[in-house]
Amino acid sequence: VFPEGSLKVTGIDFLKSQNTRQHHTDGYNIKNLVVRRGQAFHVQVSLNRELRAADKLSLRFGIGENPMRNRGSLMSLKPEQEDSSGWKISIVKKNGKECVLSVTSSPSAPVGKYNLNVKTETNIYKPENGVIYLLFNPWCEDDVVYMNNEAQRKEYVLNDTGYIYVGSAYSIYDRPWNFGQFEEFVLDACMYLLDKSKLSLSDRRDPASVSRAMSALVNANDDSGVLLGNWSGNYIGGTAPMDWIGSVTILQKYYKSKKPIRYGQCWVFAGVLNTVMRCLGVPSRCVSTFNAAHDTEENLRVDVYLNERGEKLNSLSLDSVWNFHVWNDVWMKRTDLPNGFDGWQAIDSTPQEQSQGVFQCGPCPLKAVREGNVYLPYDGKFVYAEVNADQVYWIVRKVNGKEKYTKVSTETRDIGRNISTKAVGQNRREDITLQYKYPEGSKEERKSMETAYSFIRPSGLVPRSGYAMTRLPQNLVPKPMVLSQPVTKTGLHIEITNTEALHPGNPLEMAITVKTSTPGNWTIDLTGSCQLQYYTGKVQANLGTIKETIQLEGKSEMQIPLKIAPDTYMKTLASVEDEVLILVTAIAEVKETNDKLTKETSMRFEYPPISVQMPETAVLNNDFTCAFIFKNKLNVTLENCKLLVEGLGLFKMTTFDQGDIMPGRIMKSEIICTPVRLGEKKIVAKLISNQIKGISTEKAITVME
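Taking the numbering used here, the leading residue of the sequence shown gets 83, the next gets one more, and so forth.
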């Protein structure tokens, strides 16, 4: 028996700066230690005397309300003995009364917050800030989220800024977005969501379960989650979806109030879900699909109804084609599936359809979508349809007071175009369409389609309740498996372009080009229409139509202009709170052969740029000035201008009122930034007004010591 009495702990140092550097968690703005699973970290324990061989010392890690060993929620670790849970500790060095221990958690440990205390004999020491955050580890080969490429880990786990691609297939543009997974309270908000998800301990080990739960919790539909979706155009009592430039404010406000934040649309949901997944340590990217089908009937077909003037009708269909839709891909091995479905998995938190009774979607392996294995969990049919459905165009005519439907054409190649994400380590768009589907018209595509069609039964056209559609006679029901574009007898082809820049306040000048390519004289009836529509495909206003009959001979073409005066659309533009697109639809019918063809193109308005003036480098904690300059080159006054500015580690999200900016006037706005973090940082700004819903800009600066 030693006279010094029993062994007691007098203090613990979590060696935060050393551990977080090794664990790539030094970015998190939090007092506590944040580490990744399956990788060693060190703690230094101070004792009341030297540690001897006979002494009993154990570190106890508990997770959840009431940690118990038999439930696997309490690990009691003794040096040099591996615990049944796969955790182990060892003594790295002893120095007098100090002792450094190395702790390695299991690479499949549940992620979350662990309470650490140290037991010696009968004494239990509870340290201050003794809560340790344990995350997924893409740097650890035994973790199912392991990614073996450092540049990819830098982008998909550590990059806290990026772009979300929006617009239309005809004009894609990038919206800068601040993910901000390291900002204050963001990690705590993610931990709150994990607790709220009520996932079992074993589900918390598995990124597939965690990502599915997060896809449900980022929308507020079932569980008072983070964001309330709103596509109504009325955003009173909240923030319009166009007015966000990052996830940080949303997650911070949500964590404070624990109430859903108003309002989101798809890119906001995807931006926030990307932040949550990167924050938890799962590699994640935002994915934009242009012409994404929302096929409510799971029949791989979306019907588009046009009136005789060629204008799209809103009311007839629950199916819709969105100009773009944004979701996320997360990277993991799928231990719950047969081999061959590891890698990127699609998840979607935009509340579109319920899955197992909850608004959640995924994870769905991209390889399953590509091969047509749509029965694999989760939500393969829905994701497959989003990128592969056919579009069927119908003309609705009134005949003797009854509505008569005529099928005009089927478009098989338009859905799921230009699937885009930010390139690794570069500020440019990467096209990842081929990760989702085989090249159009290839053997593999045909095989994949046959596989998918064997699981998705395309049904006849049965009206749903609330449908304005009457049942069509059987012979009109389109057959599935339209694999190639029907080649018309005349080689008819339509192209839609804009002939002048589409600036708000100017006439919209567009053209429809009709081409034929086979010998003969052809009489073609051309109907064209121009409408304003939301990105969800909902029509907001009819702007004008044309009807012409043209003669073409053999291989020839003719360009028909379509011009819309500013007064026709400016009122609508200023009255909506969303960005609207210009939709041009054309129908061509060849009299001699009865060939019909439909083509639609969505275009976005073009805006003058904002320029940013600031130094290229700055010194930590030393202020610098940043100026935003915008010249209104449009013919219209921009009313109620607001400038939104946020720079992670530089400048907290702020909105500046700029009043009205008359044509030809210059806005100059200066801010003072204080850099509080090292490395490359970005300022992101966005100008919004009644007439323009978002001109974004960004500029990078390197912060040095």
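All C-beta atoms, glycine included, are put in the ideal place defined by N, C-alpha and C.
Checklist entry - Can you list, in chain order, the stretches of the alpha helix (DSSP H) that have 4 or more residues and sit fully within the stretch 463 to 544? => result Counting only runs of 4 or more, we get 515 to 518, 525 to 537.
Item to check | Whether I770 touches C723 by CB criterion (9 Å) | outcome: Yes, these two residues count as a Cβ contact at 9 Å.
Checklist entry - Leaving out the 5 sequence neighbours to the left and right, which residues in its chain are closer than 7 Å to E180 when beta-carbon positions are compared? => result Closer than 7 Å at the Cβ level, and outside the excluded window around E180, lie Q126, S128.
Item to check | Euclidean distance between Cα positions of R131 and V117 | outcome: Computed Cα separation, rounded: 29 Å.
Checklist entry - Helix or strand or just coil, what does DSSP make of K341? => result Three-state DSSP puts K341 in coil, outside helix and strand.
Item to check | Best match in R452, S502, I669, K201 for proximity to H407 [C-alpha to C-alpha] | outcome: Comparing Cα-Cα distances from H407 to each of R452, S502, I669, K201, the minimum goes to S502.
Next on the checklist: Assuming V268 and C361 are in contact, meaning their beta carbons sit under 8 Å apart, how far apart are those beta carbons, in whole angstroms?
Outcome noted: 6 Å between Cβ atoms; contact.
Item to check | At least 3 beta-carbon pairs within less than 8 Å: the stretch 402 to 417 vs the stretch 235 to 252 | outcome: Yes, the stretch 402 to 417 touches the stretch 235 to 252.
Item to check | Bridge partner(s) assigned by DSSP for A670 | outcome: Its beta-bridge partners are L608, L679.
Next on the checklist: Looking at K195: is its Cβ nearer than 9 Å to the Cβ of I246?
Outcome noted: No, Cβ-Cβ distance for K195 and I246 is not below 9 Å.
Checklist entry - When you compare each of W426, D385, A583, P420 to R367 by their alpha carbons, which one comes out closest? => result For R367, the nearest C-alpha among the options comes from W426.
Checklist entry - Does DSSP classify T92 as helix, strand or coil? => result Strand, per DSSP.
Item to check | Cβ-Cβ separation, E393 to N624 (assumed contact under 8 Å), whole Å | outcome: Going by Cβ atoms, the distance from N624 to E393 rounds to 5 Å, so yes, they are a contact pair.
Next on the checklist: If distances are taken between C-alpha atoms only, which option among S297, W313, S314 comes closest to S306?
Outcome noted: Out of S297, W313, S314, S297 has the C-alpha closest to the C-alpha of S306.
Checklist entry - With 16 as the cutoff for other CB atoms within 10 Å, does V481 come out buried or exposed? => result With fewer than 16 other Cβ atoms within 10 Å, it is exposed.
Next on the checklist: Can you tell me whether R553 is buried or exposed? The criterion is at least 16 other CB atoms within 10 Å of its CB, across all chains shown.
Outcome noted: Note that R553 scores a pLDDT of 38, beneath 50, so its modelled location is shaky and nothing firm can be said.
Next on the checklist: I need the straight-line Cα distance from G776 to W259, nearest angstrom please.
Outcome noted: For G776 and W259, the distance between alpha carbons rounds to 13 Å.
Checklist entry - What does DSSP give as the partner residues of Q615 in its beta bridges? => result Looking at the DSSP assignment, Q615 forms a beta bridge with V621, L663.
Item to check | Where F423 sits in the DSSP three-state scheme | outcome: Assignment of F423 by DSSP, reduced to helix, strand and coil, places it in the coil class.
Next on the checklist: Can you find the residues in the same chain that come closer than 7 Å, C-beta to C-beta, to S583, ignoring five residues on each side of it along the sequence?
Outcome noted: The amino acid occupying residue 583 in the given sequence is Ala; Ser does not appear at that position. Correct list, in chain order: E688.
Checklist entry - Which runs of the beta strand (DSSP E), 3 residues or longer, sit entirely within the stretch 276 to 345? => result With a minimum length of 3 residues, the unbroken runs of beta strand (DSSP E) contained wholly in the stretch 276 to 345 fall at 309 to 311.
Checklist entry - What's the C-alpha gap between G93 and N455? => result G93 and N455: Cα-Cα distance of roughly 56 Å.
Next on the checklist: With a threshold of 9 Å between beta carbons, is D424 in contact with chain D?
Outcome noted: In the structure shown, chain D does not exist; there is a single protein chain.
Next on the checklist: Helix, strand or coil for V758? Go by DSSP, reduced to three states.
Outcome noted: Note: V758 maps to coil in three-state DSSP.
Item to check | H106 versus V200 - alpha carbon distance | outcome: It is roughly 26 Å from the alpha-carbon of H106 to the alpha-carbon of V200.
Next on the checklist: Output needed for Y255: all residues of its chain with C-beta closer than 8 Å, excluding positions within five of it in sequence on either side, in chain order.
Outcome noted: If we look at Y255 and ignore the five residues flanking it on each side, its Cβ neighbours are Y247, V248, G249, R686.
Item to check | Option nearest P420 by Cα separation, candidates P447, K529, L395 | outcome: In this structure, P447 is the residue among P447, K529, L395 with its C-alpha nearest to the C-alpha of P420.
Item to check | Whole-angstrom distance between E522 and R495, CA atom to CA atom | outcome: Between R495 and E522, the alpha-carbon positions lie close to 7 Å from each other.
Checklist entry - How big is the Cα-Cα spacing for E485 and W313? => result When rounded, the separation of the alpha-carbon atoms in E485 and W313 is 29 Å.
Checklist entry - What do you reckon, are the CB atoms on A767 and E728 nearer than 9 Å? => result Yes, the pair counts as a contact, with Cβ atoms nearer than the cut-off.
Checklist entry - Relative to the alpha-carbon of E379, which residue among K525, F464, S431, V490 has its alpha-carbon at the smallest distance? => result Nearest C-alpha to E379: F464.
Next on the checklist: Can you tell me whether V727 is helix, strand or coil according to DSSP?
Outcome noted: Strand at V727.
Next on the checklist: Quick check: Y735 and I646, are their CB atoms within less than 9 Å of each other?
Outcome noted: Correcting the residue identity first, residue 735 is Met in this sequence and not Tyr. Going by C-beta atoms, M735 is not nearer than 9 Å to I646.
Checklist entry - In this structure, what does DSSP give as the bridge partners for K170? => result DSSP, once it has assigned bridges, lists T186 as partnering K170.
Checklist entry - In three-state DSSP terms, what is G244? => result Residue state for G244 is assigned as strand, using DSSP reduced to three classes.
Next on the checklist: Give me, in chain order, the residues of the same chain whose beta-carbon lies closer than 6 Å to that of P643; leave out the 5 immediate sequence neighbours on both sides.
Outcome noted: Same-chain partners within the cutoff: A593.
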